[in-house]
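Under this note's numbering, the sequence shown is numbered contiguously, ending at residue 1392.
Below: one structure, written as structure tokens.
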Amino acid sequence: MIDITKNVPLYQQLKKEILNKIKHRNFKQGDRILPLRKLCLEYNVSHITAEKAIGELVHEGILYKRQGMGTFVVGRKNDTSVKNSFIVGLAIYKLDFITSSFFSRLVKGINGVIYKKNCRLEYYTTNKEYDCFKQGPFYINALEANEIDGLLIGSTGLGVSEMLALRKFSIPIVLLGKPPQGTSLNYVDLGEFEGTCKATEYLVNLNHKRIGFISDPLNSIPALARIKAYKSILKKYHLKYDSKLHCKANYGKEVYHTVQYLLSLKSPPTAIITHDDDMAVEVIDAIKDRGLKVPDDISVIGFNDALNSPQPKPSLTTIRVPIVKMGKLAVEMLLKLMYNEKIKERGITLTPELIIRKSCRRINELIAEKGK
């Protein structure tokens, strides 16, 4: 039992209690253990303590999690009956992203394939600065310890050096996003470059000359691809790139202050492209707070078509990307590599689609020339 008078951390005592139950076959291989809430009640510990104990056991390969189903016993590390299925790792920048509409769709595409193949999915983070018990174990540790049989890894937060480092591992890896040239990684890309080209060109064709762009603050490969696309369309239509119109911001207050900054410029933008739909909603709110209207005074366009909330008013024009399809194709490619099967192509770029709703409007030539 848990003894608060012992000079042993409570999470370690709880971890030992769970291990003893597995050892004495109270929990057998494949059994679901008690949910966190019931563990807390039974052992009189906090949610953080229970989460940390479970986190260590998952990291050590004693337990595994299935989304929406709970935590289960794997069995002994050298038990061959445990290895009758592959373990697929999914590494993303922050594991709390999983609750977003984007990643829930991505996981839906992945799970639709792996459950049919008798595999299971484990989550990892690509950000080593985060506490592994709050954000999940670090993906490099899993690769070095051979804890997984294949890895799907998001490109957000990864630089060129991290991508090059992936090549030293022998297990199959598929990148979610297009890698830089020279990295030779297998990948499935949503079409970040192509989608941003479509968004920018659409606004240019509506006579917008001063187009603001709020991008991801991380200098990730997808973020850089979008910036490159934005600049390329401006150049195509002989519009000068103005660094004042290109801002980087995180959600919340950063977005609000960024919008206020853009609108306070001597020549403010007549349209704004955002990193994603959730950011676009925040941008619209910040514009309204300024006493302006969308799209009468300024147009706004999102990206992903994967809102975590209902459609704003006016409804959001955006770039729709096939997120479920990305997850499906990526894990199918990974499984072929894991089974030593040939793949037709090492890289797949999906086609994004412009979805026209009511948050953008055409401006007349006089306003356009004034803005220019």
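All C-beta atoms, glycine included, are put in the ideal place defined by N, C-alpha and C.
Assigned secondary structure, residue i (DSSP; H/G/I helix, E/B strand, else coil)
i        : result
Ser-1120 : coil
Ser-1252 : helix
Asp-1309 : helix
Leu-1196 : strand
Ser-1235 : strand
Thr-1025 : coil
Leu-1030 : helix
Gly-1090 : strand
Lys-1128 : helix
Arg-1381 : coil
Ile-1363 : coil
Asn-1040 : helix
Val-1320 : strand
Glu-1373 : strand
Lys-1085 : strand
Gly-1170 : strand
Gly-1215 : helix
Tyr-1159 : helix
Leu-1141 : strand
Gly-1050 : coil
Thr-1069 : helix
Leu-1178 : coil
Arg-1394 : An answer regarding residue 1394 cannot be provided, because it is not within the stretch 1021 to 1392 covered by the chain.
Ala-1350 : helix
Val-1208 : strand
Ala-1245 : helix
Pro-1230 : Note that residue 1230 is Arg in the sequence shown, not Pro. Note: Arg-1230 maps to coil in three-state DSSP.
Val-1314 : coil
Val-1108 : strand
Same chain, Cβ closer than 7 Å to residue i, neighbours up to 5 away in sequence not counted
i        : result
Lys-1137 : Leu-1355
Asn-1166 : none
Gly-1050 : Phe-1092, Val-1093
Met-1299 : Ile-1234, Tyr-1271, Val-1275
His-1067 : Leu-1056, Cys-1060
Asn-1328 : Ser-1120, Ser-1121, Asp-1298
Gly-1132 : Lys-1348
Leu-1194 : One detail in the question is off: residue 1194 reads as Val in this sequence, not Leu. Closer than 7 Å at the Cβ level, and outside the excluded window around Val-1194, lie Leu-1172, Asn-1206, Tyr-1207, Val-1208, Ala-1350, Met-1353, Leu-1354.
Nearest-angstrom Cβ-Cβ length linking residue i and residue j, presumed shorter than 8 Å
i        : j        : result
Pro-1332 : Val-1301 : 5 Å
Ile-1082 : Ile-1042 : 7 Å
Thr-1294 : Val-1320 : 7 Å
Cβ pair residue i, residue j closer than 9 Å
i        : j        : result
Gly-1367 : Asn-1206 : yes
Leu-1238 : Leu-1172 : no
Thr-1069 : Leu-1126 : no
Pro-1192 : Asp-1209 : no
Met-1183 : Ile-1253 : no
Arg-1377 : Thr-1337 : yes
Val-1224 : Leu-1178 : no
Arg-1246 : Thr-1216 : yes
Cys-1380 : Tyr-1222 : yes
Asp-1236 : Lys-1268 : yes
Leu-1370 : Pro-1342 : yes
Ala-1219 : Thr-1176 : no
Neighbourhood of residue i by C-beta, 6 Å cutoff - its chain only, sequence neighbours within 5 removed
i        : result
Ala-1306 : Tyr-1276, Val-1279
Gly-1232 : Leu-1265, Leu-1282, Pro-1289, Ile-1292
Gly-1174 : Ile-1112, Leu-1196
Lys-1251 : Tyr-1261
Arg-1340 : Asp-1325, Glu-1373, Ile-1375
Ala-1073 : Tyr-1031, Leu-1034, Lys-1035
Tyr-1159 : Ala-1111, Tyr-1144, Thr-1146
Val-1344 : Arg-1125, Lys-1128, Gly-1129
Own chain partners of residue i with C-beta closer than 8 Å, once the 5 adjacent residues on each side are dropped
i        : result
Ile-1022 : Leu-1030, Gln-1033, Leu-1034, Glu-1037, Tyr-1063, Asn-1064, Val-1065
Lys-1255 : Tyr-1261
Arg-1230 : Asp-1262, Leu-1265, Ser-1287, Pro-1288, Pro-1289, Thr-1290, Ala-1291, Gly-1391, Lys-1392
Ile-1130 : Val-1108, Leu-1110, Leu-1141, Leu-1172, Gly-1347, Lys-1348, Ala-1350, Val-1351
Phe-1213 : Lys-1198, Ala-1245, Arg-1246, Lys-1248, Ala-1249
Min CB distance residue i to chain C below 9 Å
i        : result
Asn-1360 : The question asks about chain C, but that chain is absent: this structure has only one protein chain.
Can you list, in chain order, the stretches of the beta strand (DSSP E) that have 3 or more residues and sit fully within the region 1254-1303?
Correct list: 1266-1268, 1291-1293.
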